[in-house]
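Note sheet for the following structure.
There are 4 protein chains.
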Amino acid sequence: MLLEQLRKDVLEANLELVKRGLVLYTFGNASGVDREQGLVVIKPSGVDYDDLRPEHMVVTDLHGKIVEGNLNPSSDLDTHTLLYREFPTIGAVVHTHSEFATSFAQAGLPIPAFGTTHADYFYGPVPVTAPLTDEAIGGRYVHETGLAIVERFRNPEVIDPLAVPACLVNGHAPFVWGRTAHDAAHNAVVLEAVARMAYRTIGLRANADCVSQALLDRHYFRKHGANATYGQK
Amino acid sequence: MLLEQLRKDVLEANLELVKRGLVLYTFGNASGVDREQGLVVIKPSGVDYDDLRPEHMVVTDLHGKIVEGNLNPSSDLDTHTLLYREFPTIGAVVHTHSEFATSFAQAGLPIPAFGTTHADYFYGPVPVTAPLTDEAIGGRYVHETGLAIVERFRNPEVIDPLAVPACLVNGHAPFVWGRTAHDAAHNAVVLEAVARMAYRTIGLRANADCVSQALLDRHYFRKHGANATYGQK
Amino acid sequence: MLLEQLRKDVLEANLELVKRGLVLYTFGNASGVDREQGLVVIKPSGVDYDDLRPEHMVVTDLHGKIVEGNLNPSSDLDTHTLLYREFPTIGAVVHTHSEFATSFAQAGLPIPAFGTTHADYFYGPVPVTAPLTDEAIGGRYVHETGLAIVERFRNPEVIDPLAVPACLVNGHAPFVWGRTAHDAAHNAVVLEAVARMAYRTIGLRANADCVSQALLDRHYFRKHGANATYGQK
Amino acid sequence: MLLEQLRKDVLEANLELVKRGLVLYTFGNASGVDREQGLVVIKPSGVDYDDLRPEHMVVTDLHGKIVEGNLNPSSDLDTHTLLYREFPTIGAVVHTHSEFATSFAQAGLPIPAFGTTHADYFYGPVPVTAPLTDEAIGGRYVHETGLAIVERFRNPEVIDPLAVPACLVNGHAPFVWGRTAHDAAHNAVVLEAVARMAYRTIGLRANADCVSQALLDRHYFRKHGANATYGQK
Chain A
55 MLLEQLRKDV LEANLELVKR GLVLYTFGNA SGVDREQGLV VIKPSGVDYD DLRPEHMVVT
115 DLHGKIVEGN LNPSSDLDTH TLLYREFPTI GAVVHTHSEF ATSFAQAGLP IPAFGTTHAD
175 YFYGPVPVTA PLTDEAIGGR YVHETGLAIV ERFRNPEVID PLAVPACLVN GHAPFVWGRT
235 AHDAAHNAVV LEAVARMAYR TIGLRANADC VSQALLDRHY FRKHGANATY GQK
Chain B
55 MLLEQLRKDV LEANLELVKR GLVLYTFGNA SGVDREQGLV VIKPSGVDYD DLRPEHMVVT
115 DLHGKIVEGN LNPSSDLDTH TLLYREFPTI GAVVHTHSEF ATSFAQAGLP IPAFGTTHAD
175 YFYGPVPVTA PLTDEAIGGR YVHETGLAIV ERFRNPEVID PLAVPACLVN GHAPFVWGRT
235 AHDAAHNAVV LEAVARMAYR TIGLRANADC VSQALLDRHY FRKHGANATY GQK
Chain C
55 MLLEQLRKDV LEANLELVKR GLVLYTFGNA SGVDREQGLV VIKPSGVDYD DLRPEHMVVT
115 DLHGKIVEGN LNPSSDLDTH TLLYREFPTI GAVVHTHSEF ATSFAQAGLP IPAFGTTHAD
175 YFYGPVPVTA PLTDEAIGGR YVHETGLAIV ERFRNPEVID PLAVPACLVN GHAPFVWGRT
235 AHDAAHNAVV LEAVARMAYR TIGLRANADC VSQALLDRHY FRKHGANATY GQK
Chain D
55 MLLEQLRKDV LEANLELVKR GLVLYTFGNA SGVDREQGLV VIKPSGVDYD DLRPEHMVVT
115 DLHGKIVEGN LNPSSDLDTH TLLYREFPTI GAVVHTHSEF ATSFAQAGLP IPAFGTTHAD
175 YFYGPVPVTA PLTDEAIGGR YVHETGLAIV ERFRNPEVID PLAVPACLVN GHAPFVWGRT
235 AHDAAHNAVV LEAVARMAYR TIGLRANADC VSQALLDRHY FRKHGANATY GQK
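Protein sequence lines correspond, in order, to chains A, B, C and D. Each position in the first sequence, counted from 1, maps to that position plus 54 in my numbering. Each position in the second sequence, counted from 1, maps to that position plus 54 in my numbering. Each position in the third sequence, counted from 1, maps to that position plus 54 in my numbering. Each position in the fourth sequence, counted from 1, maps to that position plus 54 in my numbering.
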C-alpha cells in the first residue's frame, strides 16, 4: 500500500475537522501530497467518518488520475490537485463548510484582519474569490473553483499561499491549506474561530478597524519565519 | 406487530433529531409511511425520548385512524397524513422546532439559497407558508397546517416536494420530508445548518445574493438524479 | 429531616438547570413550597452544584425564617417567598442568569410571543419589570425585586401567574415558576429556548409580528387546561 | 522544585480555561505570583494542554528572568510581570482569546455594565486600552501591552484593579486577574459570559442603559468587601 504514513495523517486531519465541529455528516474533505512521488492522498466521497480507515483513502497523481484505491475520491479532487500544482510550497488541503467562514463566503466578503488571533495565522485578510461565471460552473466546475482561488493569490500582487493559508470560494465555502495535513486542519479550525470573532466584531461595530500593519507584522512573525519566538525550539 | 422495520426506522429518525440538538424535551416528531399497505408509523405524543421503544410507535391509516397502538399519536398527525396523501413520492416526515429554521418561520421569511450547502439539498429557497387565518386555526388546525404547506408547492408553479424537501410554517416551525425516515431526519439536520448560515449571511450583508441558477443546478444535480456523481455507487 | 421528597425535587430542579446549560458556577437557584406546612425548601447560597445533597437544602417559613438547615439560604430567598405568598397556585420558583433571557432583561424588553413554541408554554409575552428605584435597591432589595414582578401580574389586568410562568427582572435576569419544581425548571429551560428564537427572529426582522390571538389560544390550550390534548392521559 | 502548590494552582487555572471553552489549542495562558518570594509561575509557550504537568511551569522573578524551568515561558510573560509589579494586590493573571470578550476588544469597545451578572463581578465597565502605537508595537511590545492596561486603571481616576479585575487590549483580547489563580480563571469565565450577554443586549437595543449606580453597588458589595453576604461564611 502506497504512502502509509500520509494516509494516516490525512485521515487524522479529516477526523480533527469532525472533532472540532467543522463538518456535518460527510461534508468536508482533506488531502495531502507527497512531493517526491508526485502523489495525492484524499478522502473518498460520501463515506461516513466513523467508518473511515487509512486504506479507504484514494491515491491519485497530481492531475487526479487514480493510482490506488477502489472508492471514488472526494468530488472536490480537482480543486485540491490544482492547488498542489499551483502552490508548490503547500503539503495539504482541507475543505469544510464550517458555519462562520461559509457565511462570509456566502456574503461574498473577505474576513478582515481584526485582531491578533487572525494575525497569528493569516498575514492579511482572508480573500474571497470572484463569483464563478455560468460558463465556468457549466464547464470544468471543480477545476474552475481552484482557478478562482489561485487568481486571488496572483492579483493585485503575489501573496505567499503559506502566509495566508486559506481562501473563501464565493457562494460556497473555505479552502484551507498548510505544510502538513495536521497544519491544514489546524488552520481550518483557527479560520473558523477567527471568522466567528470577525462576525461578532462587525456586529458590534460595522466599520471596525483592522489591526495596524505593525501589529500584523509583530504577531505574524512571532509565530512564523526565521525569527519566530512562540513555542518551544 | 405491524411494520417492525419501519417502527425502528422512525424511532431512529426521532433519536437522530435529539442527538443533533434539534429537539428539546418531547418537542418534534417523525413518521414514515408504508405505501403498499397505506399505513403510517408515528411517534406517540409527549413521551420522553429516553423511554421510546419501537413498540410505542403508533400505526394509523392515511387519514389518521389508529390501526395499532395504545398511546396517543403525535398531535401533529393530521399534518403528516395530509402530506403523505398530497406528496406521493415522499416516504417520511419530520417536524422540529429547531432554533434557526424556527426563527425564519417566526419572522415569516423563506430561507434563501445563499450557497452550495443549501444547493446540495434544496433546489431553491425553502418556502414559508402564508399565516393561517383565524378560521383555519379555530377549525381543523393541524389539517389546515398541512394545506398551507401544500399550497406552497402548487403556486406559482409546481415544485417537486423531493427537490425542496422542507417548508416553514409561518409563526410555527419547519416540516421536512424525504424518501425514507433516515433521509427526512438528515434533511432536517441540514436544514438547520443551512438556516444558521443564512442567518449569519444576512447578518453580514442584508441583501446578499443567492447562488446563480447555474450553481444551484451544478450542486443539486451533483447529489441528486440520474447523473449524480457524489458518494460511492 | 423535614420534607424529604421536596428536598430531592428541589435539588433535581437545580441540577436540571446545570445540565441544560442555564447556570454557570453557583449562579441560579431553585426552591419549592409545601403549602400544607407553609414551608419553603431552597438551595443554599454559593455551594458548588457538584457537592449539593438533599440535606444541604435550607427550609424556611413563608417569610424566610430558617426552620431547618445550617447553611445560608440563597441570597434571593426573599423574592422566592414573596412570590409564594402572592401567587398561591405556584409550587416552585427558579432563578437563572441564562444567556438570552437575561439579555432581554438587560435590554429592558419583554419576550414577544413570536411563535407556537412560545404559545405552548406562555400565554402572551413574558413581561419585564420596571427598573427598581434607587430607594428600592437601597432598601429591602430582594423583597422589592419580588414586588416588581408581582406588579407586572396586576397591571393593566390580572394575569394568572401559571399562564405566563415567568418574568424578567429589569437589568437582572428571569424568575420562572410552575406547579412543581420539575415544572419550574422545565419552564426555565423552555424560556431560554424561546428567548434564543425571539432574539434570532428580531435579528431577521426587527418588527416581526406576534402570533395571532387565535394561534396563541390554539397552542396554549392544546397543552393546558381541561381540554388539553397533548401527551398521554 | 520551587513553589509546588502554586504550580498546581496555575496548571489548574489553565485547565479550567480549556474546560470552559475559553481557549483553543495552545492559546491563552495563566500565571500566579508568590509575593513573599517575589516569584512568578507561568505556563510554558505552545505546549499542548493535554501534556501539561506542574513541573512544566516556568518560574521567573518579577522582571521575567527565569529562575527555574527548561521550557520557554509564555510569550506574554512581560505583560504578566508588569501587572504584578503595578497591581500589588493581585495574585494571578489570565490571558485568553475567548470569543466574545475578544470581539469587544477587536471592536475597540469596553463591555458596559448592563446587568447584575456584570455587577456581581466587575464594579463598572470593563475598559479597553488605547490602540498601541507603531513605536510601542515595534519596541518592547509585550511590556507595552501591560503599560496600556495599567494606563486604563490610572485615568481618569484611580480604579482598584481587584474591583474591575479585567481589561480588554485593543485589537487583541482580554487580560483578567484575581487574588488567586482560581479566582483569575473564574473571573475570565464570567467575563466571557458577561461579554456574550452584553453582545446580545446591544443586538436587541443598541443603546441599552447600564445598571444604575445603586444596583451596581448593591450587587457588587453583596459579593465583595467586609459586608458581603453571598455564599457561606
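Even for Gly, the Cβ is constructed at its ideal location relative to N, Cα and C.
Look at the Cβ atom of A146/D, then the Cβ atom of D237/D, and state whether they are nearer than 8 Å.
The Cβ atoms of A146/D and D237/D lie closer than 8 Å to each other.
So the beta strand (DSSP E) F229/B belongs to, where does it begin and stop?
Per DSSP, the continuous beta strand (DSSP E) segment holding F229/B begins and ends at P228 to G232.
N124/D by DSSP, collapsed to three states: which one?
N124/D falls in the coil class under three-state DSSP.
What does H151/D touch in chain A if you count any residue whose Cβ is under 7 Å from its own?
Neighbourhood of H151/D in chain A, by CB distance below 7 Å: T171, in chain order.
Quick check: S99/C and P127/C, are their CB atoms within less than 8 Å of each other?
Using a Cβ distance threshold of 8 Å, S99/C and P127/C count as a contacting pair.
Give a yes or no on contact between the segment 257-273 of chain B and the segment 156-173 of chain B, applying the rule of three or more CB pairs nearer than 8 Å.
The segment 257-273 of chain B is in contact with the segment 156-173 of chain B.
Does the distance from the C-beta atom of A268/A to that of D188/D stay below 8 Å?
Cβ atoms of A268/A and D188/D: closer than 8 Å.
I'd like to know whether the C-beta atoms of L252/A and V223/A end up nearer to each other than 8 Å.
Before going on, a small fix: residue 252/A reads as Ala here, not Leu. Taking 8 Å as the Cβ cut-off, A252/A and V223/A do not qualify as a contacting pair.
Starting from Y175/C, find everything on chain B with Cβ-Cβ shorter than 9 Å and list it in chain order.
Residues of chain B passing the Cβ test: none, with the nearest at roughly 11 Å.
How is P108/B classed by DSSP in three states: helix, strand or coil?
Helix, per DSSP.
DSSP three-state label for D63/D, please.
Helix.
Output the boundary residues of the alpha helix (DSSP H) element that contains S85/D.
Premise fails: S85/D lies in the beta strand (DSSP E), N83 to D88, not in any alpha helix (DSSP H).
Every unbroken alpha helix (DSSP H) within the segment 182-231 of chain A, with a cutoff of 4 residues, ordered by chain
DSSP runs (the alpha helix (DSSP H)) wholly in the segment 182-231 of chain A: 188-192 and 195-206.
Using the beta-carbon of each residue, which ones in chain A are nearer than 8 Å to A227/D?
Chain-order list of chain A residues neighbouring A227/D: G169, T170 and T171, by C-beta distance under 8 Å.
Which residues bound the beta strand (DSSP E) around L93/C?
Segment L93 to I96, the beta strand (DSSP E) holding L93/C.
Counting only Cβ-Cβ distances shorter than 8 Å, please list the residues of the segment 222-253 of chain A near chain B, keeping chain order.
The segment 222-253 of chain A vs chain B, Cβ under 8 Å: G225, H226, A227 and Y253.
What are the residues in the segment 113-141 of chain D lying within 8 Å of chain A by C-beta distance?
So the close ones are L125, N126 and S129.
Boundaries (first-last residue) of the beta strand (DSSP E) holding V244/B
Per DSSP, V244/B belongs to no beta strand (DSSP E); it is in the alpha helix (DSSP H), A235 to L258.
Nearest-angstrom Cα distance between Q160/D and R194/D?
Cα to Cα, Q160/D sits roughly 21 Å from R194/D.
Anything in the segment 74-98 of chain A with a Cβ closer than 8 Å to a Cβ of chain B? List those residues in chain order, please.
If you check each beta-carbon in the segment 74-98 of chain A against every beta-carbon of chain B, the ones closer than 8 Å belong to L78, Y79, T80, F81 and P98.
Can you check whether the CB of G200/B is closer than 8 Å to the CB of P219/B?
It is not a contact, given that the beta carbons lie outside the stated cut-off.
Listed from N- to C-terminal order along the chain, which residues in the segment 99-113 of chain D have their beta-carbon within a distance smaller than 8 Å of any beta-carbon of chain A?
So the list reads S99, G100 and V101, given in the order they occur along the chain.
Spell out whether any CB of chain D is found under 8 Å from the CB atom of T255/A.
It does: the Cβ of T255/A has a partner Cβ on chain D nearer than 8 Å.
Grab the span of the alpha helix (DSSP H) containing H149/A for me, first residue to last.
Annotation: H149/A is outside any alpha helix (DSSP H); the continuous beta strand (DSSP E) that includes it extends over A146 to H149.
Using CA coordinates, which residue listed in F176/D, P215/D and A217/D is at the minimum distance from A249/D?
Ranking the options by Cα distance to A249/D, first place goes to F176/D.
Other residues of its chain near L245/C: CB distance less than 8 Å, five sequence neighbours each side excluded:
Short of 8 Å from the beta carbon of L245/C, and not among the five residues preceding or following it, lie these beta carbons of its own chain, in chain order: S152, A155, I165, Y175, F176, V180, A220, P228 and V230.
Where do the N-terminal and C-terminal ends of the alpha helix (DSSP H) with Q286/D fall, by residue?
According to the DSSP assignment, Q286/D belongs to no alpha helix (DSSP H), since it is labelled neither H nor E.
Can at least three beta-carbon pairs, one atom from the segment 63-71 of chain A and one from the segment 113-129 of chain A, be found at a separation below 8 Å?
Not touching, per the Cβ criterion.
Measuring CA to CA, which of E58/A, K97/A, K73/A and I256/A is closest to H240/A?
Among E58/A, K97/A, K73/A and I256/A, the Cα nearest to that of H240/A belongs to K73/A.
I want to verify the contact list: residues of chain A whose CB lies under 7 Å from the CB of D188/D, in sequence order.
Neighbours of D188/D in chain A, taken as residues at a C-beta separation under 7 Å, are given in chain order as S266 and A268.
Could you give the first and the last residue of the continuous alpha helix (DSSP H) run that contains L137/A?
From DSSP, the alpha helix (DSSP H) with L137/A extends over L131 to E140.
Which two residues bound the contiguous alpha helix (DSSP H) that contains S157/D?
From DSSP, the alpha helix (DSSP H) with S157/D extends over E153 to A161.
State the Cα-Cα distance for the pair F158/B and H226/B, rounded to the nearest angstrom.
F158/B and H226/B: Cα-Cα distance of roughly 9 Å.
Starting from D271/B and walking both ways along the alpha helix (DSSP H), at which residues does that stretch end?
Counting along the chain, the alpha helix (DSSP H) containing D271/B begins and ends at Q267 to K277.
List the residues that DSSP assigns as beta-bridge partners of V180/B.
Looking at the DSSP assignment, V180/B forms a beta bridge with I165/B.
Going along chain A, which residues have a C-beta under 7 Å from Y284/B?
Chain A residues near Y284/B: S99, G100 and S129.
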